[in-house]
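The numbering of the sequence shown is the UniProt record's numbering, which starts it at 1 and goes up by one. We treat Cβ as the ideally placed atom computed from N, Cα and C, and that holds for glycine.
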Amino acid sequence: ALFPHSGDLVLMGTYDPKSQVVSCFEQQWACHGGIGGPQEIAFMIMPREVNWDLGEVTQATDIYPFFANRYAVQARCPGDKSAASA
């Protein structure tokens, strides 16, 4: 693997695009972050009474700044030059 924090060996199961079945190495019902299948569609789930304006959240990278702003945390996103250094 070419990433500094990945394992020495990365195992991927097979993927059948026709049936959208992903094989897993553990005994489980689904696979997350694998190749293919419908797991690339992101979503957020919350109680019905939570009435947040998520209009500015249009992609996955918007989630952290949204919560950082909501809970008054200084957002320090990778590559963000505008964030103050601690």
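For residue i, the residue or residues it bridges with in DSSP
i, result
"residue 16", "21"
For residue i, three-class secondary structure by DSSP
i, result
"residue 61", "helix"
"residue 69", "helix"
"residue 46", "coil"
Candidates the options: closest to residue i by CA position
i, options, result
"residue 13", "6, 55, 22 and 68", "22"
"residue 70", "61, 59, 52 and 60", "52"
"residue 60", "72, 44 and 50", "44"
Residues near residue i in its chain [Cβ-Cβ closer than 7 Å; skip 5 each side]
i, result
"residue 5", "none"
"residue 48", "none"
Beta-carbon proximity list for residue i, same chain, < 6 Å, skipping 5 on both sides
i, result
"residue 18", "none"
"residue 66", "57"
"residue 16", "none"
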